[in-house]
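These notes are about the structure you will find just below.
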Amino acid sequence: MDLIKDHPVLDFKHNAKVEFTFDGSKMEGFEGEPIAMALHANGVRIYRETPEMKRPRGFFCAIGKCSSCFMVVDGTPNVRTCITPLKAGMKVETQHGKGKVPLASE
Amino acid sequence: MREITTDVLVVGGGAAGLSAAAEAATAGAKVTVIESDLQLGGQLIKQTHKFFGSKDEYAGTRGYKIANILLDEIDQNKKNVEVLTNTTVTGYYIEDQMFTAMQGEEEYFRVKAKKAIVATGAQERLIPFPNNDMPGVYGAGAVQTLMNVYGVTPGKRVLMVGAGNIGLIVSYQLMQAGVEIAAIVEGASRIGGYWVHAAKVRRMGVPILLQHSILEAKGDKVVTGATICGVDDHFQPTCEQKEIDCDIICLAVGLTPTTELLFQAGCEMQFVPQLCGYVAARDRTMRTSHPDFWSAGDAMGIEEASAAMVEGRIAGHSAAASLGLPVKKENFDEYWKRLDHLRAGEVGEKIRAGIGKVMRDKWEGR
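Keeping their order, the protein sequence lines are chains A and B.
In terms of the numbering used here, the first sequence opens at residue 6 and continues consecutively.
In terms of the numbering used here, the second sequence opens at residue 4 and continues consecutively.
Right under this line is the structure:
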């Protein structure tokens with residue numbers, strides 16, 4: 006993970022390290038910290054692809070307002086990854102288009 | 004659907020919301036704070052610099068430490084305060100006087116509150132240029148969250164757009180995090196932020212290019228550079244162009260108040276350029292035209308955290324008083340003295356003019 010090592014003012018305290026997957030690849034992050042931050046620390050910049058123009062989108066506002074970082078998390082689309090806490094074993098996927106909500110029967 | 008009830012609902016747990024909650028809870032109100040982020044503190048927890056302003060608003064203390072002081076105050080009144088983080092207030096239904104909220108992404112519930120204090124803060128503005136949606140174009144607040152809250156390196160080399168206080172401060176914070184600043188571009192012909200912040204980044208060798216702006220973000224799928232250009236007095240590009248190598252384009256081009264709930268509550272709203280967008284009309288108690296809605300902080304006009312904290316105090320004080328709880332009138336006068344002090348002089352001129360447009364002596368029919 007690409008983390009800040011020496012900071013003149015701040016002393017970062019992280020939670021326990023956990024594993025999760027991004028599009029099938031194994032990655033590490035800190036439990037309870039936002040998914041988007043863990044992805045960024047792992048070098049991931051593209052979080053979704055827009056429905057019409059198929060343009061890549063990453064994160065932008067990081068406060069849950071702009072919709073830019075929507076991803077599919079454990080099968081649920083349109084998750085605001087910048088304010089959704091990471092859990093061990095989470096399955097995080099790039100969202101293509103609007104995403105599909107799984108039906109109860111699926 | 005689950006429903007919770009409370010005396011005072013505070014929407015937003017940043018500088019204004021925490022101050023409002025502390026004030027109302029101290030007076031004896033049952034307060035619920037709902038915060039969409041994973042932790043309380045709003046923008047305060049992202050600030051590594053020492054605040055200006057006055058001693059009463061912790062001048063000389065670093066922003067993230069001010070957040071801790073407010074959280075301690077909330078903790079001292081914890082029997083009166085319920086805090087829900089990772090929870091977003093999604094709407095207000097005026098016909099039922101009901102709020103809806105969402106815990107995480109899936110669990111919805113209703114909130115019935117006697118009084119509400121909207122302390123929703125602000126959101127980042129965007130300027131138009133080709134590829135401004137490309138991954139690597141980040142809001143200044145987002146960059147601060149990455150590096151100052153979660154300790155993640157935002158990138159290697161940053162082009163900062165905007166030389167207001169946020170652009171200057173975040174540039175300095177990026178250098179603290181070991182990131183290089185290629186340049187700061189500013190469309191206006193003068194630096195918008197405080198001179199001390201500009202001097203700090205200049206001393207570290209960062210060029211501040213006035214009358215310059217971004218023309219285009221470059222890259223295949225993610226940002227690998229930018230084209231910048233000179234702009235004339237009418238903000239039109241001149242023929243002077245330059246390519247910049249960078250993997251982050253950080254936008255610090257201003258904020259606008261977050262006011263959806265105030266609109267939904269039918270509050271009288273007005274566009275005030277000096278306050279950076281639509282804001283609610285208010286009286287001196289920070290009450291809006293809706294008798295059960297108060298608002299404070301950046302949601303009422305873009306200003307500094309110091310002022311947001313005092314406005315929060317006033318709103319919390321007044322909401323508690325409206326519930327019939329005992330509050331000290333002299334505290335109210337003291338808070339206004341502090342606000343007047345923070346807004347005094349030349350730096351406060353714009354804010355004073357803006358507030359003058361939306362300050363009401365009394366409400367019709369009340």
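C-beta atoms are modelled at their ideal positions from N, C-alpha and C, and glycine is treated no differently.
Quantities reported herein were computed from a predicted structural model and do not represent experimental measurements.
Taking Cβ positions, are residue i and residue j nearer each other than 8 angstroms?
{"i": "residue 54 of chain B", "j": "residue 37 of chain B", "result": "no"}
{"i": "residue 15 of chain A", "j": "residue 51 of chain B", "result": "yes"}
{"i": "residue 165 of chain B", "j": "residue 254 of chain B", "result": "yes"}
{"i": "residue 67 of chain A", "j": "residue 6 of chain A", "result": "no"}
{"i": "residue 10 of chain B", "j": "residue 115 of chain B", "result": "no"}
{"i": "residue 315 of chain B", "j": "residue 327 of chain B", "result": "no"}
{"i": "residue 77 of chain A", "j": "residue 25 of chain A", "result": "no"}
{"i": "residue 288 of chain B", "j": "residue 317 of chain B", "result": "yes"}
{"i": "residue 40 of chain A", "j": "residue 99 of chain A", "result": "no"}
{"i": "residue 247 of chain B", "j": "residue 177 of chain B", "result": "no"}
{"i": "residue 231 of chain B", "j": "residue 211 of chain B", "result": "no"}
Which one of the options has the shortest CA to CA distance from residue i?
{"i": "residue 323 of chain B", "options": "B/340, B/301, B/349 and B/295", "result": "B/295"}
{"i": "residue 70 of chain A", "options": "B/128, B/366, B/318 and B/159", "result": "B/128"}
{"i": "residue 228 of chain B", "options": "B/27, B/262 and B/185", "result": "B/185"}
{"i": "residue 350 of chain B", "options": "B/10, B/18, B/144 and B/168", "result": "B/168"}
{"i": "residue 266 of chain B", "options": "B/210, B/275, B/282 and B/278", "result": "B/282"}
{"i": "residue 48 of chain B", "options": "B/144, B/205 and B/175", "result": "B/144"}
{"i": "residue 55 of chain A", "options": "A/87, A/19 and A/104", "result": "A/104"}
{"i": "residue 215 of chain B", "options": "B/163, B/223, B/233 and B/208", "result": "B/233"}
{"i": "residue 160 of chain B", "options": "B/174, B/195, B/83 and B/368", "result": "B/174"}
{"i": "residue 330 of chain B", "options": "B/142, B/31 and B/241", "result": "B/31"}
{"i": "residue 353 of chain B", "options": "B/79, B/278 and B/339", "result": "B/278"}
{"i": "residue 29 of chain A", "options": "A/106, A/21, A/58 and A/79", "result": "A/79"}
{"i": "residue 8 of chain B", "options": "B/59, B/100, B/202 and B/146", "result": "B/100"}
{"i": "residue 5 of chain B", "options": "B/110, B/198 and B/61", "result": "B/110"}
{"i": "residue 136 of chain B", "options": "A/107, A/61 and A/88", "result": "A/61"}
Report the rounded CA-to-CA distance for residue i versus residue j, giving the unit in angstroms.
{"i": "residue 88 of chain B", "j": "residue 239 of chain B", "result": "44 angstroms"}
{"i": "residue 181 of chain B", "j": "residue 200 of chain B", "result": "18 angstroms"}
{"i": "residue 225 of chain B", "j": "residue 155 of chain B", "result": "18 angstroms"}
{"i": "residue 152 of chain B", "j": "residue 17 of chain A", "result": "8 angstroms"}
{"i": "residue 44 of chain B", "j": "residue 123 of chain B", "result": "12 angstroms"}
{"i": "residue 307 of chain B", "j": "residue 63 of chain B", "result": "15 angstroms"}
{"i": "residue 213 of chain B", "j": "residue 335 of chain B", "result": "42 angstroms"}
{"i": "residue 190 of chain B", "j": "residue 183 of chain B", "result": "21 angstroms"}
{"i": "residue 67 of chain B", "j": "residue 119 of chain B", "result": "26 angstroms"}
{"i": "residue 217 of chain B", "j": "residue 33 of chain B", "result": "49 angstroms"}
{"i": "residue 172 of chain B", "j": "residue 41 of chain B", "result": "24 angstroms"}
{"i": "residue 23 of chain B", "j": "residue 90 of chain B", "result": "18 angstroms"}
{"i": "residue 109 of chain A", "j": "residue 81 of chain A", "result": "12 angstroms"}
{"i": "residue 150 of chain B", "j": "residue 10 of chain A", "result": "11 angstroms"}
{"i": "residue 207 of chain B", "j": "residue 50 of chain A", "result": "29 angstroms"}
{"i": "residue 72 of chain A", "j": "residue 112 of chain B", "result": "22 angstroms"}
{"i": "residue 58 of chain A", "j": "residue 158 of chain B", "result": "26 angstroms"}
{"i": "residue 286 of chain B", "j": "residue 366 of chain B", "result": "8 angstroms"}
Which residues bound the alpha helix (DSSP H) around residue i?
{"i": "residue 1 of chain B", "result": "There is simply no residue 1 of chain B to check, as chain B begins at 4 and stops at 369 in what is shown."}
{"i": "residue 67 of chain B", "result": "66–79"}
{"i": "residue 169 of chain B", "result": "168–179"}
{"i": "residue 130 of chain B", "result": "That residue, residue 130 of chain B, is in no alpha helix (DSSP H); it is neither H nor E in DSSP."}
{"i": "residue 339 of chain B", "result": "332–345"}
{"i": "residue 312 of chain B", "result": "308–325"}
Looking at the unbroken beta strand (DSSP E) that takes in residue i, where does it start and where does it end?
{"i": "residue 4 of chain A", "result": "Coverage of chain A is limited to positions 6 through 111, which leaves residue 4 of chain A absent and any answer about it impossible."}
{"i": "residue 248 of chain B", "result": "240–248"}
{"i": "residue 83 of chain A", "result": "81–85"}
{"i": "residue 115 of chain B", "result": "110–121"}
{"i": "residue 230 of chain B", "result": "228–234"}
{"i": "residue 34 of chain A", "result": "30–35"}
{"i": "residue 273 of chain B", "result": "272–275"}
{"i": "residue 90 of chain B", "result": "90–96"}
{"i": "residue 27 of chain A", "result": "22–27"}
{"i": "residue 13 of chain B", "result": "6–14"}
{"i": "residue 213 of chain B", "result": "211–213"}
Can you give me the Cβ contacts of residue i inside the same chain, cut-off strictly under 8 angstroms, excluding the 5 residues immediately before and after it?
{"i": "residue 57 of chain B", "result": "309, 341, 344 and 345"}
{"i": "residue 93 of chain A", "result": "23, 24, 25 and 36"}
For residue i, which residues of its own chain have a beta-carbon under 7 angstroms away from its beta-carbon, when the five flanking residues on both sides are left out?
{"i": "residue 284 of chain B", "result": "271, 273, 291, 292, 361 and 363"}
{"i": "residue 261 of chain B", "result": "123, 124, 125, 126 and 302"}
{"i": "residue 92 of chain B", "result": "14, 37, 102, 104 and 264"}
{"i": "residue 142 of chain B", "result": "127 and 254"}
{"i": "residue 84 of chain B", "result": "24, 28, 34, 36 and 77"}
{"i": "residue 148 of chain B", "result": "49"}
Please go through the same chain and pick out, in chain order, the residues whose beta-carbon is closer than 6 angstroms to the beta-carbon of residue i, but skip the five residues on each side of it.
{"i": "residue 90 of chain A", "result": "37"}
{"i": "residue 16 of chain B", "result": "36, 38 and 43"}
{"i": "residue 76 of chain B", "result": "25"}
{"i": "residue 43 of chain A", "result": "34 and 91"}
{"i": "residue 138 of chain B", "result": "225"}
{"i": "residue 27 of chain B", "result": "11, 34, 319, 322 and 323"}
{"i": "residue 372 of chain B", "result": "Shown here, chain B extends from 4 to 369; a query on residue 372 of chain B therefore has no answer."}
{"i": "residue 71 of chain B", "result": "none"}
{"i": "residue 59 of chain B", "result": "341"}
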